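Chains as they are written, first to last, in the working numbering: chain A, 1 to 312; chain B, 313 to 624.
2 protein chains.
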Amino acid sequence: MTSTAIASLHRGKYRIHTVAEMTGVPAATLRAWERRYGVPVPARTSSAYRVYSDADIALIRRVVELCEGGLAPSEAARVALEEHVPQAHTPVEPGDPYAPLRESILQAIEAFDPRRLERELDRAAASGPPATVAEDVLRRVLLEVGERWHTGRVTVAQEHLASEAIGTVLRRMLTQVQPEGDARMVLLAGFADEEHEFPLQVLAVHLASWGLRVVQLGVRTPPAALRQAVAELQPALVGLSCTIAPAAHRARELVDAYADAIGDVPWIVGGAATSTLARFVSGRGGQIVEDPQPRALRSQVERMCSRRKPRR
Amino acid sequence: MTSTAIASLHRGKYRIHTVAEMTGVPAATLRAWERRYGVPVPARTSSAYRVYSDADIALIRRVVELCEGGLAPSEAARVALEEHVPQAHTPVEPGDPYAPLRESILQAIEAFDPRRLERELDRAAASGPPATVAEDVLRRVLLEVGERWHTGRVTVAQEHLASEAIGTVLRRMLTQVQPEGDARMVLLAGFADEEHEFPLQVLAVHLASWGLRVVQLGVRTPPAALRQAVAELQPALVGLSCTIAPAAHRARELVDAYADAIGDVPWIVGGAATSTLARFVSGRGGQIVEDPQPRALRSQVERMCSRRKPRR
DNA sequence: TATCATTGGACCAACCTTTGACAAATCGCG
DNA sequence: CGCGATTTGTCAAAGGTTGGTCCAATGATA
């Protein structure tokens, strides 16, 4: 009657028996739905009484409707949740807006919950500019996973799971920011002994978001392969990544080989092992990228790219 | 009136009894049709309940219609399948509709043209059902690239380029076909020494397109990690891939370790090295998947998934 | 005090699963 | 026409899953 219409105008606060009456769903069933499917999860008073809002009631009504449409209660709950939840979430305080996002991703990893992990990663990917997300969320999550792995808090299985999921998201993000048309091209490759693909992928997202067309050769690219790629593609820049430092003599050898392969295209080297390589790299005209600050890196890259024109 | 509007809003997820009511076909008959003609093959929940989609129901209705038109059920099923499946049907010859697609991808690789390669791969990804594309285009392109690499016709650089691009497309396709809801789960992992990720990815697309939720642990998953993952996730099936055959004693060791890790969950092993492993695998209750015919594989997988309860 | 809430577990009917079987209907063919 | 062979709808048994409901002990509200 009219009382319900009026009640729906203000923010409703109904107790369970009232809700049962309004929706036709017995109170015991409401509790069971909450326990089993989380639909809905009403607020509580200080003494733990349930307090249903109008949104909660709408959700219940939707579930009832779906059930009448032939869905099993569990499915109906899932569908109704999916319909109602995707309301925009609030971006938070200025300090570190991505901290909660990282935290929930890490929680999903520790809980070994692939479904939740993918959901959180999707949420993260849509939560800001791809380069920022790659840098401030994914990269830092990966660092944290690495640390926790060292201390035994994260297992090999969890690390594999996280790697697969984050690798997929990173690749998707790269294709999303990859510029159209004939942008300047940057060629990315991992050192010959390199196993870690993530530094390369994160770098790729940055470069692409700065308007460079990224061509990935991936990890373990030998110098000869890089030489051919440089010759064929005439990139404006070459990016190398080296995470595990080779022994000194091998390092010099490798850097020389890569420098020869690259010729006179500007090149940068990043990754954890750069300090070992620094001398050799700058000796051959390469630039070390140690600063993980994207801003500094960007101007550096801009300068380098415009220094030379790809001929032909 | 609202009920039809609702039904068209969500993608239907009906249990068998509801479907029987909606179509007038008894549940037992629906199961028989599925068993005998594969029409339809609904998705499954993690507890192996059938979950029919609206498309499934349309298929059933079509079969009923044809039966009423005088066709024998087996014939009706065949016709209805043919009508429904190849929706974006290419009017091409029976031979190999994907040959030109493969050819243009291979040309892009040989021309070392990343842009064109990505364009061709996008075109391929949209040219048919993901599982078919993964199988008949991407897998075969990768095989061909491997062969051409052996004969020197494709260089390491080209191979790297192709791997990166195809890997990205495969991952994207997987996320596109990954089922929602609580489907039965399959855990995929590469052998400890495994380097090749593509067999796993192609298998993943197949399994996902059959309604299984794929969780990728990726290549080089050690037995201990797999053990933890199995314990945590309780998958309905575990898939392993081994492309490079280890030495016999190591092979036996490895297979034993994996079998122990998997426990009593059904498991399959695929990849080029299966012949070496076959004895050990079947000795430990695993199944070898040698036949790259997805049809045979599918029924095999279906049987294995439902053979044992996913409990504890 | 009488009424309503809370939790967690437990119950049980209804539903689902597979396997195997079986009889009626239909078909091919001598 | 009649006789095997195949097709096809239906069912039963044995066992797992789902989901509405109830209970007991306890606390809050009026």
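Every residue gets a Cβ at the ideal spot worked out from N, C-alpha and C, and that includes glycine.
Note that the structure is predicted; figures quoted are calculated from it, not measured.
Grouping DSSP H, G and I as helix and E and B as strand, with all else coil, what is residue 294(A)? In the three-state scheme derived from DSSP, where H, G and I count as helix and E and B as strand, residue 294(A) is classed as helix.
Please tell me whether residue 575(B) has its Cβ less than 8 Å away from any Cβ of chain A. Taking 8 Å as the threshold, the shortest C-beta distance from residue 575(B) to chain A does not fall below it.
Is residue 605(B) close to chain A? Criterion is C-beta to C-beta, closer than 8 Å. It does not: the Cβ of residue 605(B) has no partner Cβ on chain A nearer than 8 Å.
Verify whether the separation of the beta carbon atoms of residue 195(A) and residue 219(A) is less than 8 Å. The Cβ atoms of residue 195(A) and residue 219(A) sit closer than 8 Å to each other.
Could you compute how far the alpha carbon of residue 407(B) sits from the alpha carbon of residue 441(B)? If you take the alpha carbons of residue 407(B) and residue 441(B), they lie about 17 Å apart.
Separation of residue 612(B) from residue 606(B), as counted between CA atoms: Residue 606(B) and residue 612(B) have their C-alpha atoms spaced approximately 10 Å apart.
Between 363(B), 478(B), 394(B), 472(B), which has its C-alpha nearest residue 453(B)'s C-alpha? Among 363(B), 478(B), 394(B), 472(B), the Cα nearest to that of residue 453(B) belongs to 478(B).
Does residue 353(B) come out as helix, strand or coil in the three-state DSSP assignment? DSSP places residue 353(B) in coil when its eight states are reduced to three.
Grouping DSSP H, G and I as helix and E and B as strand, with all else coil, what is residue 384(B)? When secondary structure is reduced to three states using DSSP, residue 384(B) falls in the coil class, being assigned neither helix nor strand.
Considering only the beta carbon of each residue, do residue 549(B) and residue 579(B) sit closer than 8 Å? By the CB criterion at 8 Å, residue 549(B) and residue 579(B) fall inside the cutoff.
Return the bridge partner residues of residue 14(A) from the DSSP annotation. According to DSSP, residue pairing for residue 14(A) in a beta bridge involves 52(A).
Outcome for residue 136(A) when other beta-carbon atoms lying within 10 angstroms are tallied against a minimum of 16: With 16 or more Cβ atoms within 10 Å of its Cβ, residue 136(A) is classed as buried.
From residue 538(B) to residue 432(B), what does the alpha carbon distance come to, in whole angstroms? Distance between the alpha carbons of residue 538(B) and residue 432(B): 36 Å.
Beta-carbon proximity check, residue 486(B) vs residue 437(B), cutoff 8 Å: Not a contact, by the Cβ cut-off of 8 Å.
According to DSSP, is residue 282(A) helix, strand or coil? When secondary structure is reduced to three states using DSSP, residue 282(A) falls in the helix class.
Is it buried or exposed, residue 369(B), if we count other Cβ atoms within 10 angstroms and call 16 or more buried? Residue environment analysis places residue 369(B) among the buried positions, since at least 16 neighbouring C-beta atoms fall within 10 angstroms of its C-beta.
What is the DSSP secondary structure of residue 580(B), reduced to helix, strand or coil? Of the three classes helix, strand and coil, the one that applies to residue 580(B) here is strand, per DSSP.
Could you tell me whether the Cβ atoms of residue 615(B) and residue 592(B) are closer together than 8 Å? Going by C-beta atoms, residue 615(B) is not nearer than 8 Å to residue 592(B).
When the cut-off is 8 Å and only beta carbons count, does residue 439(B) lie next to chain A? Not one chain A Cβ lies under 8 Å of residue 439(B).
Of all Cβ atoms in chain A, is any one closer than 8 Å to the Cβ of residue 426(B)? Cβ-Cβ to chain A under 8 Å: yes for residue 426(B).
Helix or strand or just coil, what does DSSP make of residue 524(B)? Residue state, collapsed to three classes: coil.
Pick out whichever of 585(B), 552(B), 546(B), 547(B) has its Cα sitting closest to the Cα of residue 560(B). The option with the nearest alpha carbon to residue 560(B) is 585(B).
Output, in chain order, the set of chain B residues within a Cβ distance shorter than 7 Å of residue 366(A). The shown model of chain A, from 1 to 312, leaves out residue 366(A), and the question about it has no answer.
Measure the C-alpha to C-alpha separation of residue 48(A) and residue 27(A) and round it to an integer number of angstroms. The alpha-carbon atoms of residue 48(A) and residue 27(A) are separated by roughly 15 Å.
Closer than 9 Å, Cβ to any Cβ of chain A: which residues of the region 332-344 of chain B, in chain order? Going along the region 332-344 of chain B in chain order, one finds 333, 334 with a Cβ nearer than 9 Å to chain A.
Tell me, please, whether the CB atom of residue 403(B) is closer than 8 Å to any CB atom in chain A? Note that residue 403(B) scores a pLDDT of 49, beneath 50, so its modelled location is shaky and nothing firm can be said.
Helix, strand or coil at residue 468(B) [DSSP, three-state]: In the displayed model, residue 468(B) falls within a helix according to three-state DSSP.
Helix, strand or coil for residue 109(A)? Go by DSSP, reduced to three states. In the structure shown, the three-state DSSP call for residue 109(A) is helix.
In chain order, what residues of the region 542-570 of chain B put their CB closer than 8 Å to some CB of chain A? Answer in chain order: 544, 545.
Candidates 451(B), 350(B), 596(B): which alpha carbon is nearest residue 396(B)'s? From the listed residues 451(B), 350(B), 596(B), the smallest Cα separation to residue 396(B) is found for 350(B).
Does residue 254(B) come out as helix, strand or coil in the three-state DSSP assignment? In the structure as shown, chain B begins at 313 and stops at 624. Residue 254(B) is therefore absent and cannot be evaluated.
Once the 5 residues before and after residue 14(A) are set aside, which same chain residues still bring their CB inside 6 Å of it? These residues qualify, in order along the chain: 52.
Spatial neighbours of residue 511(B) in its chain, beta-carbon cut-off 7 Å, leaving aside the 5 residues before and after: Excluding sequence neighbours, residue 511(B) sits near 553, 555, 582, 583.
Please list the partners that residue 533(B) has in chain A, where partner means a Cβ-to-Cβ separation under 9 Å. Within 9 Å Cβ-Cβ: 156, 157, 160.
Nearest-angstrom Cα distance between residue 46(A) and residue 55(A)? Looking at the backbone, the Cα of residue 46(A) and that of residue 55(A) are separated by about 21 Å.
So, for residue 192(A): in the same chain, excluding its five sequence neighbours on each side, which residues have a beta-carbon less than 8 Å away from its beta-carbon? Result list for residue 192(A): 220, 221, 222, 223, 254, in chain order.
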